[in-house]
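As they're listed, the protein sequences go chains A and B.
Residue numbers for the first sequence follow the working numbering, beginning at 1 and rising by one.
Residue numbers for the second sequence follow the working numbering, beginning at 188 and rising by one.
Notes to accompany the following structure.
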Amino acid sequence: MNERARFPLRRAPVSVALLLILAAVSPPAVAGGAEKLAGFVDGRALIEAVGDDAVTVEISLSGPLLTALTKVDPELHALAGGLESIHAVVLEPAGSLDRKRLHALVAEIDAKLIGQGWERLAHVREPDAEVKLLVLSAGEAIRGLVVMVLEEDEVVFANLAGTLDLAKIAAIGEGLDLPGLDRIDPD
Amino acid sequence: MSGPEPRSCLDAMGSVHRRLDGDPLDDAEGRRLEQHLAGCSRCREADAELRSLQTTLRALPLGRLPDAAVERLLRHAARDERRRVLRRWGVDWRLAAAAVVTTAVIGIWYVASPPAFRPSEAELARAAAETRAVLGLTAQALRRAERTATREVLAGDVAGALRKLPIDWRRIRDE
Numbered sequence: 001m002n003e004r005a006r007f008p009l010r011r012a013p014v015s016v017a018l019l020l021i022l023a024a025v026s027p028p029a030v031a032g033g034a035e036k037l038a039g040f041v042d043g044r045a046l047i048e049a050v051g052d053d054a055v056t057v058e059i060s061l062s063g064p065l066l067t068a069l070t071k072v073d074p075e076l077h078a079l080a081g082g083l084e085s086i087h088a089v090v091l092e093p094a095g096s097l098d099r100k101r102l103h104a105l106v107a108e109i110d111a112k113l114i115g116q117g118w119e120r121l122a123h124v125r126e127p128d129a130e131v132k133l134l135v136l137s138a139g140e141a142i143r144g145l146v147v148m149v150l151e152e153d154e155v156v157f158a159n160l161a162g163t164l165d166l167a168k169i170a171a172i173g174e175g176l177d178l179p180g181l182d183r184i185d186p187d
Numbered sequence: 188m189s190g191p192e193p194r195s196c197l198d199a200m201g202s203v204h205r206r207l208d209g210d211p212l213d214d215a216e217g218r219r220l221e222q223h224l225a226g227c228s229r230c231r232e233a234d235a236e237l238r239s240l241q242t243t244l245r246a247l248p249l250g251r252l253p254d255a256a257v258e259r260l261l262r263h264a265a266r267d268e269r270r271r272v273l274r275r276w277g278v279d280w281r282l283a284a285a286a287v288v289t290t291a292v293i294g295i296w297y298v299a300s301p302p303a304f305r306p307s308e309a310e311l312a313r314a315a316a317e318t319r320a321v322l323g324l325t326a327q328a329l330r331r332a333e334r335t336a337t338r339e340v341l342a343g344d345v346a347g348a349l350r351k352l353p354i355d356w357r358r359i360r361d362e
């Protein structure tokens, strides 16, 4: 039996070292790279359509901060332990033109997501508001949720990406006293 | 089985080789070797064969190796010596090289990687409030959707996705 056959793993340390080098020189993962999540939907197009002045609230949580948060807050861990990204924008259109732009853009996002395989969970039309709810499913699990609320003087866009439990999230509306978005300090 | 102990044969052959290489044996070693050879025919024959081989080799005409070949030989000898040093310490040179490279890679990674993210209490508090707000908004939207979904279900205008809605049908009916 030759030496190589007797020691088939002799080159393994060199291979492992090469793999480590490749891992070290490959580009580092982008911190909080929420854009790569299947359930992530970017709501910045809404801001770009009407300008920063219309933004009353913008929330963007992902990566290490969200992980740290769910680690220190057991209640949020139970509700949002599987979430990898939370993104929300609240806009107040300055006039009817901005309002039309935002409404058109919301319709565009809605159609685009349906085209990408999202399902429309609900489309609520009420006298004072229109609410669109879309989900991205993967088997039995829900990987993304988009909420878009159109009101006369306000447009709300929210996106949750990661593993979601809708029953739990729906339950918190009754079980917990959660502040509304208007209670968030925009500064 | 009669005859000298194997260990004595090994020692004797060591002395035989040193003597053939021209290393002087001290008196005691020389005496022990002669005594052993006198009583051990196997070692005596080996000693005789080695002397004969040495004499034959010395009688051969000397050739001159090309300079390049000498240089190659020296390089091989130096490399073998380095490997021998590693082996003496029980180290496979490939393993040693892999260990050096791995240590270097881990060192570079450790130095180059950003420090662990540790949000402040204030950042965490703000993030918690924001998370609750967005979850609250989502919950409100879901509740709103539940009410409308009831109507849509009754109208037979509902996508399969509605099954995922956490609807309490009895409560809605009572309302």
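Backbone N, C-alpha and C define an ideal beta-carbon position, used for all residues, glycine too.
Spatial neighbours of residue i in its chain, beta-carbon cut-off 8 Å, leaving aside the 5 residues before and after
i        : result
Thr70/A  : Leu76, His77, Ala80, Gly81, Leu83
Ala54/A  : Ile47, Leu91, Glu92, Pro93, Ala94, Asp98
Ala314/B : Pro306
Gln241/B : Leu207
His204/B : Leu237
Ser300/B : none
Pro74/A  : none
Gly117/A : Leu136
Glu216/B : Ser202
Leu260/B : Leu252
Glu232/B : none
Per DSSP, cross-strand counterpart(s) of residue i
i        : result
Glu126/A : Ala129/A
His87/A  : Ser60/A, Asn159/A
Val55/A  : Leu91/A
Val135/A : Glu119/A, Leu145/A
Leu150/A : Glu130/A, Val155/A
Leu164/A : Ile142/A
Sequence-distant residues of its chain with Cβ nearer than 6 Å to residue i (five each side left out)
i        : result
Glu58/A  : Val89
Lys132/A : Asp110, His123, Met148
Ala171/A : none
Pro27/A  : Annotation note: pLDDT 46 at Pro27/A (below 50); position unreliable, coordinate value reported separately. Correct list: empty, nothing qualifies.
Ser239/B : none
Beta-carbon gap between residue i and residue j smaller than 8 Å
i        : j        : result
Met148/A : Val135/A : no
Cys230/B : Leu237/B : no
Ile169/A : Leu322/B : yes
Glu152/A : Asp128/A : yes
Leu220/B : Ala246/B : no
Val146/A : Leu102/A : no
Leu311/B : Val72/A  : yes
Leu150/A : Glu130/A : yes
Ser96/A  : Glu119/A : no
Ser62/A  : Ala34/A  : yes
Per-residue burial, residue i [other beta carbons within 10 Å of its own, 16 or more giving buried]
i        : result
Ser202/B : buried
Asp162/B : There is no way to answer for residue 162/B, as the model of chain B reaches only from 188 to 362.
Thr318/B : buried
Phe40/A  : buried
Gly250/B : exposed
Arg44/A  : exposed
His87/A  : buried
Ala167/A : exposed
Gly144/A : buried
Arg331/B : buried
Ala328/B : buried
Thr325/B : buried
Leu164/A : buried
Ala320/B : buried
Ala29/A  : Only weak support is given to the placement of Ala29/A: the predicted model assigns it a pLDDT of 42, under 50, and the value that follows is read from those uncertain coordinates. Flag for Ala29/A reads exposed.
Ala256/B : exposed
Ala285/B : buried
Leu66/A  : buried
Leu244/B : exposed
Sequence-distant residues of the same chain with beta carbon closer than 7 Å to residue i, five excluded per side
i        : result
Gly294/B : none
Asp214/B : none
Arg206/B : Leu212
Lys36/A  : none
Val292/B : none
Leu197/B : none
Thr289/B : none
Ser195/B : His223
Residue-level contact to chain C via CB, residue i, 8 Å cutoff
i        : result
Ala326/B : As a matter of chain content, chain C is missing from the structure shown, whose protein chains are A and B.
For this session: Decide if the region 143-161 of chain A is in contact with the region 83-97 of chain A; the criterion is three or more beta carbon pairs, one per stretch, under 8 Å apart.
Result: Judged by pairs of C-beta atoms under 8 Å, the region 143-161 of chain A touches the region 83-97 of chain A, as three or more such pairs exist.
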